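Participant:
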Amino acid sequence: MNSNTISSLLSQLSIQNLNVIDATIPKSAYVQIDLSAANPDLKTFDTSSSKAWETYIINYLKIHNKQVAFGGYLEKRNLYNRSPYFASQTEVEQRNIHLGLDLWCPAETPVLACFEGVIHSFKNNTNFGDYGPTIILEHKIETKTFYTLYGHLSLDSLDSLKVGEKVSQGETLAYLGEASVNGDYAPHLHFQIIKDLQGNTGDYPGVCSLNDLEFYKGNTLDPVSVLRLD
44 MNSNTISSLL
54 SQLSIQNLNV
64 IDATIPKSAY
74 VQIDLSAANP
84 DLKTFDTSSS
94 KAWETYIINY
104 LKIHNKQVAF
114 GGYLEKRNLY
124 NRSPYFASQT
134 EVEQRNIHLG
144 LDLWCPAETP
154 VLACFEGVIH
164 SFKNNTNFGD
174 YGPTIILEHK
184 IETKTFYTLY
194 GHLSLDSLDS
204 LKVGEKVSQG
214 ETLAYLGEAS
224 VNGDYAPHLH
234 FQIIKDLQGN
244 TGDYPGVCSL
254 NDLEFYKGNT
264 LDPVSVLRLD
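Counting from 1 along the sequence shown, just add 43 to a position and that's the residue number in the numbering used here.
(1) Given this structure, state the Cα-to-Cα distance separating Gln110 from Phe234, to the nearest angstrom.
(2) Can you give me the Cβ contacts of Ile100 inside the same chain, cut-off strictly under 7 Å, excluding the 5 residues immediately before and after it?
(3) Evaluate Glu118 with the Cβ neighbour count: other Cβ atoms within 10 Å of its Cβ, from every protein chain shown; 16 or more gives buried, anything less gives exposed.
(4) Reducing DSSP to helix, strand and coil, say where Ala95 ends up.
(5) Val269: buried (16+ other C-beta within 10 angstroms of its C-beta) or exposed?
(6) How about Ser252: is its Cβ closer than 7 Å to a heavy atom in the ligand MN?
(7) Which word fits Met44, buried or exposed, when buried means at least 16 other C-beta atoms lie within 10 angstroms of its C-beta?
(8) With a 10 Å radius around its C-beta and 16 neighbouring C-beta atoms as the bar for buried, classify Ile58 as buried or exposed.
(9) In whole angstroms, what separates the C-alpha of Asp145 from that of His231?
(10) Assign Ser200 to one of two classes, buried (16 or more other C-beta atoms within 10 Å of its C-beta) or exposed (fewer than that).
(11) Give me, in chain order, the residues of the same chain whose beta-carbon lies closer than 7 Å to that of Thr48; leave out the 5 immediate sequence neighbours on both sides.
(12) May I ask you to report which of helix, strand or coil DSSP gives Met44?
(13) What is the rounded straight-line gap between the Cα of Lys279 and the Cα of Glu185?
(14) Taking the alpha carbon of Asn193 as the reference point, which residue from Asn225, Glu97, Glu208 has its own alpha carbon closest?
(15) What is the DSSP secondary structure of Asn262, reduced to helix, strand or coil?
(16) Please classify Gly119: does DSSP put it in a helix, a strand, or coil?
(17) Once DSSP output is grouped into helix, strand and coil, what is the label at Tyr103?
(18) Taking its Cβ as the centre, do 16 or more other Cβ atoms sit within 10 Å of Phe158, making it buried, or is it exposed?
(19) Going by beta-carbon coordinates alone, are Leu272 and Tyr73 separated by less than 8 Å?
(20) Measuring CB to CB, does Val154 end up less than 8 Å from Leu219?
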């Protein structure tokens, strides 16, 4: 696969008004949010609590008079420290660099297929701090294959899915889950564009270490640019 070709094709596609959540919410109702360690707001509440996170997100949206908070691609975060799933002995091996785009909005918000494709795989990733219910789509553009991952969904979103089933661009694929099923986070979508899935099914790393950053930077694309949020 020629990674530059994939990037070029997606750049051309991004001329469209692509959506991965409820298309009735205009992009003008989105606001960027910083969840890195540099954000002083994160020292004002218990970041180990999904309920406290949800309150913070709700208040952030209210202050900015918006409906969706977005961000996080290649952002270094401390919020994963609460989970042994991401733990490591050394700083360079600590998995704390986010590889997808997060869109923070209420549970049960519709999740849309960004591109036409087929259902590659799905799984409920139940580790604490993991994706929870997850769907991966496979896409082909001009003979090139790539994948999109949708994480932190509702449990019902996995019902009746079939591998290989066709999905139309903009079709409602799933709904956002609440903290009790989504890995214990405030409701949000983790959306990731992956060039090579490396044999994974229903799962793919959404957070990496500094040691592995260069590889994952090369194997993922910036969803902010694709969705024209920059």
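We treat Cβ as the ideally placed atom computed from N, Cα and C, and that holds for glycine.
Since this is a predicted model, take the numbers as computed values, not measurements.
Facilitator: Answer, in terms of the structure:
(1) Residue numbering aside, residue 110 sits at position 67 when the sequence shown is read from its first letter. Residue numbering aside, residue 234 sits at position 191 when the sequence shown is read from its first letter. Each residue's alpha carbon lies about 17 Å from the other.
(2) If you number the sequence shown from 1, residue 100 lands on position 57. Around Ile100: Ala112, Trp147, Ala229.
(3) Translated into the one-based positions of the sequence shown, residue 118 becomes position 75. Flag for Glu118 reads buried.
(4) Looking up residue 95 in the sequence shown gives position 52. If DSSP states are grouped into helix, strand and coil, Ala95 belongs with the helices.
(5) Translated into positions along the sequence shown, residue 269 becomes position 226. Buried.
(6) Within the structure as shown, the ligand MN is missing, as the structure has no ligands at all.
(7) Taking the first residue of the sequence shown as 1, we reach residue 44 at position 1. Note on Met44: pLDDT 44, under 50, position unreliable in the model; the coordinate value appears next. With fewer than 16 other Cβ atoms within 10 Å, it is exposed.
(8) Locating residue 58 in the sequence shown gives position 15, where the first residue counts as 1. By the 10 Å Cβ count, Ile58 comes out exposed.
(9) Here residue 145 refers to the residue found at position 102 when the sequence shown is read from its first residue. Here residue 231 refers to the residue found at position 188 when the sequence shown is read from its first residue. The alpha-carbon atoms of Asp145 and His231 are separated by roughly 6 Å.
(10) The residue you call residue 200 lines up with position 157 of the sequence shown. Burial call: buried.
(11) By one-based count along the sequence shown, residue 48 stands at place 5. Only Lys187 meet the Cβ criterion.
(12) Sequence index remark: in the sequence shown, residue 44 carries index 1 (1-based). The predicted model places Met44 with a pLDDT of 44, which falls under 50 and marks its position as unreliable, so this point remains unresolved.
(13) Since the first residue shown for the chain is 44 and the last is 273, residue 279 is missing from the structure and cannot be characterised.
(14) In the sequence shown, residue 193 corresponds to position 150, counting from 1. A small correction: the amino acid at residue 193 is Tyr; Asn does not occupy that position in the sequence shown. Answer by Cα proximity: Asn225.
(15) Here residue 262 corresponds to residue number 219 of the sequence shown, with the count starting at 1. Reduced to three states, the DSSP call for Asn262 is helix.
(16) Here residue 119 is taken as the residue at index 76 of the sequence shown, counted from 1. Reading off the sequence, residue 119 comes out as Lys, not Gly. Of the three classes helix, strand and coil, the one that applies to Lys119 here is strand, per DSSP.
(17) Position 60 of the sequence shown, counted from the start, is the residue given in the question as residue 103. Tyr103 sits in a helix when the DSSP states are folded into three classes.
(18) In the sequence shown, residue 158 corresponds to position 115, counting from 1. Per the 10 Å Cβ criterion, buried.
(19) Stepping through the sequence shown from its first residue, residue 272 is reached at position 229. Stepping through the sequence shown from its first residue, residue 73 is reached at position 30. Cβ atoms of Leu272 and Tyr73: closer than 8 Å.
(20) Position 111 of the sequence shown, counted from the start, is the residue given in the question as residue 154. Position 176 of the sequence shown, counted from the start, is the residue given in the question as residue 219. Yes, Cβ-Cβ distance for Val154 and Leu219 is below 8 Å.
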